[in-house]
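Okay, so here's the structure we're looking at.
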Amino acid sequence: MTDAPDAQIGDAPSPRAPRPARIIALANQKGGVGKTTTAINLATALAAIGQKVLIVDLDPQGNASTGIGIAKAKRAVNSYHVLIQETPLTQAIVPTEIPGLDIVPSGLDLSGAELELVDVERREYRLKDMIARGSSGYDYVFIDCPPALGLLTVNALVAADAVLVPLQCEFFALEGVSNLVRTIERVKKAFNPALEIQGIVLTMFDRRNNLSDMVANDVRGHFGEKVYKTVIPRNVRVSEAPSHGRPVIVYDMACAGSRAYLHLASEVIHQERLSA
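Okay, so the sequence shown: first residue is 700 according to the working numbering, each after it adds one.
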């Protein structure tokens, strides 16, 4: 297994006419696959080249908010209020220490949002409506979904243009992602016909373990070109960074994990330019 060839993200895109933000949901119903880590590091890499990026933390655990250094005191207005109380998105946006990168943090109240949404009219469209009203000026909106396929994730998929799926290199990887693919197809058929799989990124790749190669080959055989060439390795610096409230790209830009996320950002940008 080889990573993508050495490459830099490149210069900031040339000036262009304003366009709606590209909305990408990061989803996988299995926890611990690097979903949040991918969200904050991909967002950081894009902000670093001049893109204006917003993360919407839709996971009640709030790991994206913690991993990017947002203190609890700054989460008084959060994604729960946007989704349930229809608080304008702009009132929940918190700037991060990274220029060009903002976040709508999560809050503990979000854990009960699924029940509160059950009897709400247009419950599947709540997030889509709020993002549409409040994302002006952003190039990208990344939605960090909870590790479940309930109404929070459905709201993210209905709001999104595309889904990016982090997939851990382990034995049950393909079995788990098949449930997500079925959910994506149901959402596409019922609510969001334009929804597509942006790509699948292989995470926690261990070169010392033959299983990682086997899983990667299986995933590439099943999803073909949808699988990014870049793989994210198991790396201790990637694991350490969230405890310091920083993306690994900021925490240690020279480590293998940072280099991998920079490569991934390069692939995403290239793909976006081809489809523009």
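Glycine residues also receive a C-beta, built at the ideal position from the N, C-alpha and C atoms.
It should be emphasised that the depicted structure is a prediction, and the values quoted were computed from it without experimental measurement.
Leu814 versus Ala726 - alpha carbon distance: 20 Å
Given a threshold of 16 other Cβ atoms within 10 Å of its Cβ, counted over all protein chains shown, does Gly761 qualify as buried or as exposed? buried
Are Met829 and Glu785 closer than 9 Å when you measure CB to CB? yes
Could you give the uninterrupted runs of the alpha helix (DSSP H) lying entirely in the region 712-784, keeping only those of 4 residues or more? 734-747, 762-766, 778-783
Let me know the alpha helix (DSSP H) ranges lying completely inside the region 896-969, each 4 residues or longer, listed in chain order. 909-922, 935-939, 947-950
Can you have a look at Gly833 and say buried or exposed, based on whether 16 or more other CB atoms are within 10 angstroms of its CB? buried
For the region 925-936 against the region 944-958, are there 3 or more C-beta pairs whose distance is under 8 Å? yes
Using the three-state DSSP reduction, which class does Leu826 fall into: helix, strand or coil? helix
Quick check: the Cα distance between Ile767 and Val840, rounded to an integer number of angstroms? 15 Å
So if DSSP puts Gln977 in a beta bridge, which residue, or which two residues, is it bridged to? This structure gives no information on residue 977, because the portion of the chain shown stretches from 700 to 975.
If we call anything under 9 Å between Cβ atoms a contact, is Val781 one with Asp838? no
According to DSSP, simplified to helix, strand and coil, what is Asn854? helix
Taking the straight line between their C-alpha atoms, what separation do you get for Thr701 and Asp912? In this prediction, Thr701 has a pLDDT of 46, which is less than 50 and means its spatial position is unreliable; what the coordinates show is noted afterwards. Cα to Cα, the separation comes out at about 10 Å.
So, does the region 893-900 touch the region 860-877, judging by three or more C-beta pairs under 8 Å? yes
Less than 7 Å between C-beta atoms, sequence neighbours within five positions excluded: which residues of the same chain meet that for Val918? Leu866, Ala872, Leu873, Ile899, Leu901, Val926
Using C-beta distances below 8 Å, list every residue in its chain close to Glu869, excluding the 5 sequence neighbours before and after it, in chain order. Met903, Leu910, Val914
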